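Using my numbering, you'd call the opening residue of the sequence shown number 14 and step up by one each time. Backbone N, C-alpha and C fix where the C-beta goes; we use that ideal spot for every residue, glycine too. Predicted, not measured: the structure shown is a model, and the values here were computed from it. Written below as C-alpha coordinates is the structure these notes are about.
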Amino acid sequence: MKNVPDTKLGKMYKEHIQHILDKNIEALLDQYTDDATLISSFSKSPVIYQGREQVKEHMQGILGIDGLETDIVFWAETENPETLMITEQITMTAGGAKSEMRFADSWVLKDGKIAIHFAGMVQHPDGTLA
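Here it is as C-alpha coordinates:
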(Lines of atoms letter the chains of each structure in order from A; the text may use other names.)
(Lines give C-alpha, C1' and ligand atoms only; values in the text may rest on other atoms or scores of the structure.)
Protein backbone atom coordinates (compact mmCIF):
# COMPACT_ATOMS: atom_id res chain seq x y z
CA MET A 14 0.00 0.00 0.00
CA LYS A 15 1.45 3.30 -1.07
CA ASN A 16 0.57 6.86 -0.02
CA VAL A 17 -1.85 5.99 2.78
CA PRO A 18 -1.77 8.71 5.48
CA ASP A 19 -1.26 7.90 9.15
CA THR A 20 -4.77 8.90 10.24
CA LYS A 21 -7.72 7.04 11.76
CA LEU A 22 -9.22 6.46 8.31
CA GLY A 23 -5.80 5.61 6.89
CA LYS A 24 -5.49 2.85 9.47
CA MET A 25 -9.02 1.66 8.69
CA TYR A 26 -8.20 1.60 4.96
CA LYS A 27 -5.05 -0.46 5.61
CA GLU A 28 -7.11 -2.92 7.67
CA HIS A 29 -9.71 -3.04 4.88
CA ILE A 30 -7.10 -3.97 2.27
CA GLN A 31 -5.49 -6.50 4.63
CA HIS A 32 -8.88 -8.18 5.19
CA ILE A 33 -9.20 -8.45 1.39
CA LEU A 34 -5.72 -9.97 1.10
CA ASP A 35 -6.52 -12.37 3.94
CA LYS A 36 -9.87 -13.19 2.26
CA ASN A 37 -11.46 -12.51 5.65
CA ILE A 38 -14.98 -11.55 4.60
CA GLU A 39 -16.37 -11.52 8.15
CA ALA A 40 -13.71 -9.05 9.38
CA LEU A 41 -14.36 -6.93 6.28
CA LEU A 42 -18.11 -6.95 6.97
CA ASP A 43 -17.46 -5.92 10.58
CA GLN A 44 -16.18 -2.60 9.18
CA TYR A 45 -19.71 -1.92 7.87
CA THR A 46 -22.94 -1.04 9.66
CA ASP A 47 -25.56 -3.80 9.56
CA ASP A 48 -27.73 -1.66 7.25
CA ALA A 49 -24.88 -0.46 5.02
CA THR A 50 -25.41 0.44 1.37
CA LEU A 51 -22.69 -0.40 -1.15
CA ILE A 52 -23.01 0.96 -4.68
CA SER A 53 -20.69 -0.79 -7.13
CA SER A 54 -19.79 0.07 -10.72
CA PHE A 55 -17.43 -2.88 -11.20
CA SER A 56 -19.70 -4.46 -13.82
CA LYS A 57 -19.99 -1.25 -15.92
CA SER A 58 -23.53 -0.66 -14.67
CA PRO A 59 -24.50 0.24 -11.10
CA VAL A 60 -25.36 -2.53 -8.67
CA ILE A 61 -26.72 -1.62 -5.23
CA TYR A 62 -26.21 -3.89 -2.23
CA GLN A 63 -28.15 -3.12 0.94
CA GLY A 64 -27.64 -4.72 4.32
CA ARG A 65 -25.01 -7.12 5.59
CA GLU A 66 -26.10 -10.16 3.57
CA GLN A 67 -26.12 -8.32 0.24
CA VAL A 68 -22.78 -6.61 0.97
CA LYS A 69 -21.44 -10.08 1.82
CA GLU A 70 -22.62 -11.26 -1.61
CA HIS A 71 -20.58 -8.46 -3.23
CA MET A 72 -17.53 -9.37 -1.12
CA GLN A 73 -17.45 -12.94 -2.46
CA GLY A 74 -15.42 -11.58 -5.37
CA ILE A 75 -12.37 -11.15 -3.12
CA LEU A 76 -12.02 -14.92 -2.84
CA GLY A 77 -10.53 -15.01 -6.35
CA ILE A 78 -7.85 -12.40 -5.62
CA ASP A 79 -4.33 -13.82 -5.34
CA GLY A 80 -2.48 -10.51 -5.07
CA LEU A 81 -3.40 -6.85 -4.62
CA GLU A 82 -1.26 -3.73 -4.67
CA THR A 83 -2.73 -0.28 -4.11
CA ASP A 84 -1.25 3.12 -4.78
CA ILE A 85 -3.35 6.04 -3.53
CA VAL A 86 -3.33 8.85 -6.09
CA PHE A 87 -5.96 11.00 -4.35
CA TRP A 88 -6.97 11.04 -0.67
CA ALA A 89 -9.46 13.32 1.10
CA GLU A 90 -11.16 12.81 4.45
CA THR A 91 -13.36 14.79 6.79
CA GLU A 92 -14.07 14.38 10.49
CA ASN A 93 -17.63 15.68 10.86
CA PRO A 94 -19.27 13.99 9.07
CA GLU A 95 -16.68 11.22 8.90
CA THR A 96 -16.02 10.57 5.22
CA LEU A 97 -13.29 9.29 2.93
CA MET A 98 -12.81 9.82 -0.80
CA ILE A 99 -9.92 8.13 -2.61
CA THR A 100 -8.68 7.19 -6.05
CA GLU A 101 -6.42 4.13 -6.23
CA GLN A 102 -4.17 2.67 -8.90
CA ILE A 103 -4.71 -1.07 -8.47
CA THR A 104 -2.60 -4.01 -9.60
CA MET A 105 -4.49 -7.22 -9.00
CA THR A 106 -3.65 -10.86 -9.64
CA ALA A 107 -6.50 -13.32 -10.02
CA GLY A 108 -6.34 -16.76 -11.60
CA GLY A 109 -2.68 -16.20 -12.43
CA ALA A 110 -3.43 -13.12 -14.56
CA LYS A 111 -2.28 -9.64 -13.57
CA SER A 112 -4.56 -6.66 -14.27
CA GLU A 113 -4.18 -2.95 -13.73
CA MET A 114 -7.12 -0.66 -13.12
CA ARG A 115 -8.11 2.47 -11.28
CA PHE A 116 -10.74 2.57 -8.53
CA ALA A 117 -12.54 5.43 -6.82
CA ASP A 118 -13.88 4.65 -3.39
CA SER A 119 -15.90 6.88 -1.08
CA TRP A 120 -17.03 5.98 2.42
CA VAL A 121 -19.55 7.68 4.66
CA LEU A 122 -19.13 6.45 8.22
CA LYS A 123 -21.59 6.22 11.09
CA ASP A 124 -20.26 5.49 14.56
CA GLY A 125 -16.89 4.50 13.08
CA LYS A 126 -18.30 2.01 10.57
CA ILE A 127 -18.95 2.30 6.85
CA ALA A 128 -22.64 3.15 6.32
CA ILE A 129 -22.40 4.06 2.63
CA HIS A 130 -19.68 2.83 0.26
CA PHE A 131 -19.40 4.01 -3.32
CA ALA A 132 -17.10 1.39 -4.90
CA GLY A 133 -16.30 2.65 -8.35
CA MET A 134 -14.23 1.45 -11.23
CA VAL A 135 -12.73 4.47 -12.97
CA GLN A 136 -10.61 2.60 -15.50
CA HIS A 137 -11.26 -1.04 -16.33
CA PRO A 138 -8.48 -3.59 -16.93
CA ASP A 139 -9.08 -3.31 -20.70
CA GLY A 140 -8.27 0.42 -20.49
CA THR A 141 -11.82 1.65 -21.02
CA LEU A 142 -13.08 4.40 -18.76
CA ALA A 143 -16.15 4.05 -16.62
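Residues of its chain near residue i, where Cβ-Cβ distance is below 6 Å and the 5 sequence neighbours each way are ignored
{"i": "I129", "result": "T50 and V121"}
{"i": "T106", "result": "D79 and G80"}
{"i": "F7", "result": "Missing from the structure shown is residue 7; the chain here goes from 14 to 143 and no further."}
Cut-off 8 Å between Cβ atoms - residues of its own chain near residue i, not counting five sequence neighbours on either side
{"i": "E39", "result": "none"}
{"i": "G109", "result": "D79"}
Close-in-space but distant-in-sequence residues of the same chain around residue i (CB under 7 Å, 5 per side omitted)
{"i": "P18", "result": "W88"}
{"i": "M22", "result": "Inspection of the sequence shows that residue 22 is occupied by Leu rather than by Met. Excluding residues within five positions, the ones whose Cβ falls inside 7 Å are E90 and L97."}
{"i": "I85", "result": "K15, N16, V17, I99 and E101"}
{"i": "S61", "result": "Checking the sequence shown, residue 61 turns out to be Ile, not Ser. For I61, where only same-chain residues beyond five positions count, the Cβ hits under 7 Å are T50 and I52."}
Start and end residues, alpha helix (DSSP H) containing residue i
{"i": "M72", "result": "G64 to M72"}
DSSP-derived helix/strand/coil call for residue i
{"i": "K123", "result": "strand"}
{"i": "M25", "result": "helix"}
According to DSSP, residues forming a beta bridge with residue i
{"i": "D118", "result": "I99 and A132"}
{"i": "D84", "result": "K15 and Q102"}
{"i": "T141", "result": "Answer by DSSP bridge pairing: none, since T141 is not bridged."}
{"i": "I52", "result": "I61 and F131"}
{"i": "T91", "result": "T96"}
Unbroken beta strand (DSSP E) run spanning residue i, endpoints
{"i": "I38", "result": "Segment I38 to L42 is the alpha helix (DSSP H) holding I38; no beta strand (DSSP E) there."}
{"i": "L76", "result": "No beta strand (DSSP E) holds L76; DSSP gives it neither H nor E."}
- prompt: Does the region 53-73 come within contact of the region 92-108, defined as at least 3 CB pairs closer than 8 Å?
  reply: They do not touch, by the three-pair rule.
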